[in-house]
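Position one of the sequence shown corresponds to residue 716 (the working numbering), numbered consecutively onward.
We put the beta carbon where it would ideally sit given N, CA and C, even for glycine.
Keep in mind the model is a prediction, meaning the values are calculated, not measured.
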Amino acid sequence: KGFDKYKGGLDTVHDLTGLFSVYTNWRGIEIMFHVSTQLPYESHDPQKLQRKRHIGNDIVCVVFLEADCTTFSPSCIKSHFLHTFILVRTSPRIKRKPTRYEVSVVTRDEVGAYKPYLWE
Numbered sequence: 716k717g718f719d720k721y722k723g724g725l726d727t728v729h730d731l732t733g734l735f736s737v738y739t740n741w742r743g744i745e746i747m748f749h750v751s752t753q754l755p756y757e758s759h760d761p762q763k764l765q766r767k768r769h770i771g772n773d774i775v776c777v778v779f780l781e782a783d784c785t786t787f788s789p790s791c792i793k794s795h796f797l798h799t800f801i802l803v804r805t806s807p808r809i810k811r812k813p814t815r816y817e818v819s820v821v822t823r824d825e826v827g828a829y830k831p832y833l834w835e
């Protein structure tokens with residue numbers, strides 16, 4: 716309650732979208748993350764419309780894959796707005812502390828090239 720920065724559409728007056736969220740300011744750009752597990756779970760809403768309302772209207776979706784063998788298909792999230800998926804998983808190839816992560820990025824065809832370029 717009472718959060719006075721960029722809210723990303725979350726309710727900061729009545730806590731209808733949950734009690735917690737993740738916010739950062741990166742190089743002057745305010746970012747509010749819509750974390751699915753922090754948005755309210757309502758058993759009487761089988762389609763999870765409150766969660767879809769926020770995540771389905773985002774442009775970028777970060778997905779944390781919990782197991783080494785977990786697969787992900789962008790088609791499992793229906794949205795006209797999501798253009799980029801960033802997949803994060805613990806590295807199955809490097810088993811040491813601190814934990815190492817692998818990151819993959821997939822975008823729609825209409826997303827143009829972005830920096831840093833691979834062969835720059």
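| said: For C776, list the residues DSSP reports as bridge partners. | reply: F800
| message | Tell me which residues share the same chain as R766 and place their Cβ nearer than 6 Å to its Cβ, disregarding the 5 neighbours each side in the sequence. | response | S751 and L754
| So, is L734 buried or exposed, given that buried needs 16 or more other C-beta atoms within 10 angstroms? | exposed
| message | Looking at the secondary structure, which residues open and close the alpha helix (DSSP H) in which I770 lies? | response | L764 to I770
| the stretch 760 to 780 touching the stretch 735 to 744, judged by at least three CB pairs closer than 8 Å | no
| How about L802 and S788: do their beta carbons lie closer than 8 Å? | no
| task | Report the rounded CA-to-CA distance for K812 versus L780, giving the unit in angstroms. | result | 19 Å
| Should S788 be flagged as near chain D, meaning a C-beta pair shorter than 8 Å? | Absence of chain D from the displayed structure is noted, only one protein chain being present.
| task | Pull up the CB-CB distance for H798 and T814, whole angstroms please, since I reckon it's below 8 Å. | result | In fact, because the Cβ distance is near 29 Å, the residues do not count as touching under 8 Å.
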